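Engineer:
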Amino acid sequence: MKISLRVNGVEAEADCWEGESLLFALREKLGYPGAKNACEQGECGSCSVLLDGKLVCACLVLAAQADGHDVTTVEGLADGGRPHRVQEAFVQAGAVQCGFCTPGLVVATADLLTHTPDPSDDEIREALSGNLCRCTGYVKIFDAVRLAART
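See below:
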């Protein structure tokens, strides 16, 4: 089946089979490798994207469900080649180690700050609870979220 969607504001089409995930279509068919393939069960958040502005795990969404909709990946957060303030904050705070979880955390943080511009630690913890990092221990990630909220 052919799907048509907007990825990061750009019209895109892909031939997909009915059971194909949005994650697979983004990475393998459309060339957006930012969302990472890790658990394929919606447990780690590495594949987080915005679907019509709502944070979702792309591994749990069928590509067919995105037909006719808007998808924003971590690549689409940048504005005219300039990194998004969350992307900059993650670098400045040293919140990146192996980097595998970073795209999902960046998308989840951008979503959080859209809805809650000055989040408390509890709000940050809740918003990022669906994203797992095995390297950082989350301290620098929290620092990055706070830094992005201030900018």
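With this note's numbering applied, the sequence shown corresponds to residues 1 to 151, in that order. Glycine included, every Cβ here is placed at the ideal spot set by N, Cα and C. No experiment lies behind these values; they were computed from the predicted model shown.
1) Spell out the partners DSSP gives isoleucine 3 in its beta bridges.
2) Determine, using beta carbons only, whether leucine 105 and alanine 127 come nearer to each other than 7 Å.
3) Under 7 Å between the Cβ atoms of lysine 36 and serine 46?
4) Counting pairs of Cβ atoms below 8 Å between the stretch 115-126 and the stretch 68-78, do you hit three or more?
5) For the candidate residues Ala38, Gln97, Phe90, Gly19, whose alpha-carbon lies nearest to that of valine 145?
6) If you drop the 5 nearest sequence neighbours on each side, which residues of the same chain put their C-beta closer than 7 Å to that of alanine 148?
7) If you reduce the DSSP assignment to three classes, tell me which class leucine 113 lands in.
8) Sort out for me which residues DSSP pairs cysteine 47 with in a bridge.
9) Secondary structure at valine 107, three-state DSSP: helix, strand or coil?
Structural biologist: Working from what's here:
1) The residue you call residue 3 lines up with position 3 of the sequence shown. The partner list for isoleucine 3 (beta bridge, DSSP) reads Ala14.
2) Counting from one through the sequence shown, the residue named residue 105 turns up at place 105. Counting from one through the sequence shown, the residue named residue 127 turns up at place 127. For leucine 105 and alanine 127, no; Cβs fall outside 7 Å.
3) Along the sequence shown, one-based indexing puts residue 36 at 36. Along the sequence shown, one-based indexing puts residue 46 at 46. Cβ atoms of lysine 36 and serine 46: closer than 7 Å.
4) no
5) If you number the sequence shown from 1, residue 145 lands on position 145. Selected option, being the one with the closest Cα: Phe90.
6) For this step, residue 148 is matched to residue 148 along the sequence shown. Contacts found: Arg85, Val86, Ala89, Thr109, Leu113.
7) Locating residue 113 in the sequence shown gives position 113, counting from the first residue. Of the three classes helix, strand and coil, the one that applies to leucine 113 here is helix, per DSSP.
8) Reading the sequence shown from its first residue, position 47 is the one you call residue 47. Cysteine 47 pairs with nothing; no bridge assigned.
9) Translated into the one-based positions of the sequence shown, residue 107 becomes position 107. Helix, per DSSP.
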